[in-house]
Amino acid sequence: MIETCRLLIIPYTYELVEDTLKGKRELERALGCKVSDEWPSPTYAKRIPQKKEKLKQHPENSIWSRIVIEKESNTLIGEIGCKGGPNDKGVVEIGYGLVRQARNKGYATEMVSKLTEWLLERSDVNKVTAECLDTNIPSARVLEKSGFQLTDHKDGMCFWEK
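Sequential numbering from 0 applies to the sequence shown in numbering that gives the first Met the number 0.
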């Protein structure tokens with residue numbers, strides 16, 4: 000588990016993925032916390048069955064995929080993780096999402112900064128990258144505040160690294 004002053008960032012294990020697919024109550028029971036009515040987003044929900052199959056084959060990969068719990072309210076508010084583990088050059092790409100009610104409170108910067116710090120402390124990670132649409136100004140600000148540098152911009156996408 001990765002922890003900040005306001006957040007718990009926990010591995011999204013095969014068992015938790017299964018509980019998610021069974022329904023909100025099952026996931027709340029397994030986590031011992033509330034799950035926001037907005038979670039998962041439709042985009043993330045589409046990925047969950049695929050995530051289940053991948054974790055079934057390689058449960059150890061749950062370290063690369065995490066869910067985020069806001070401590071004060073004890074509520075699951077988002078997800079963050081890597082698009083797979085590091086490649087042969089030690090590069091890993093991150094992605095993240097928060098429910099609408101948790102945005103503009105500094106949570107995204109807090110979780111991106113802490114996960115990036117954790118990743119760069121690992122011996123198998125040399126660089127962390129991210130990408131966002133050039134129209135996604137809030138995400139770009141999160142990456143800037145988290146110490147990422149803009150490295151490229153093409154076809155409506157911004158590419159970042161740290």
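Here a beta-carbon is modelled for each residue, glycine too, at the ideal position from N, C-alpha and C. Source: prediction; values computed, not measured.
query: Is it right to say ILE136 is buried, meaning 16 or more other beta carbons lie within 10 angstroms of its own, or is it exposed?; result: exposed
query: Could you name the residues of the same chain whose beta carbon sits closer than 7 Å to that of LEU119, not counting the 5 residues immediately before and after it, in chain order?; result: VAL127
query: What are the boundary residues of the alpha helix (DSSP H) that THR171 is part of?; result: With the chain covering only 0 through 161, there is no way to say anything about residue 171.
query: Give me whichever residues DSSP pairs with LYS33 in a beta bridge.; result: THR74
query: Determine, using beta-carbon pairs with one atom in the region 141 to 148 and one in the region 101 to 110, whether at least three such pairs fall under 8 Å.; result: yes
query: Roughly how many angstroms separate the alpha carbons of GLU48 and ALA101, rounded to a whole number?; result: For the sequence presented, residue 48 should be read as Pro rather than Glu. The alpha-carbon atoms of PRO48 and ALA101 are separated by roughly 25 Å.
query: For the beta strand (DSSP E) containing GLN148, list its first residue and its last residue.; result: 148 to 153
query: For PRO58, does the three-state DSSP call read helix, strand or coil?; result: helix
query: Compute the Euclidean distance between the alpha carbons of MET0 and ILE9, then round it to the nearest angstrom.; result: 5 Å
query: Thinking GLU78 and TYR13 are a contact (beta carbons under 8 Å), I'd like their distance in whole angstroms, please.; result: Not a contact, Cβ separation roughly 15 Å.
query: Can you tell me which of LYS88, LYS55, LEU75, THR42 puts its alpha carbon nearest to the alpha carbon of GLY164?; result: Any question about residue 164 goes unanswered here, given that the chain covers just 0 to 161.
query: The beta strand (DSSP E) with ARG65 in it runs from where to where?; result: 64 to 69
query: Return the first residue and the last residue of the alpha helix (DSSP H) that ALA107 is part of.; result: 106 to 120
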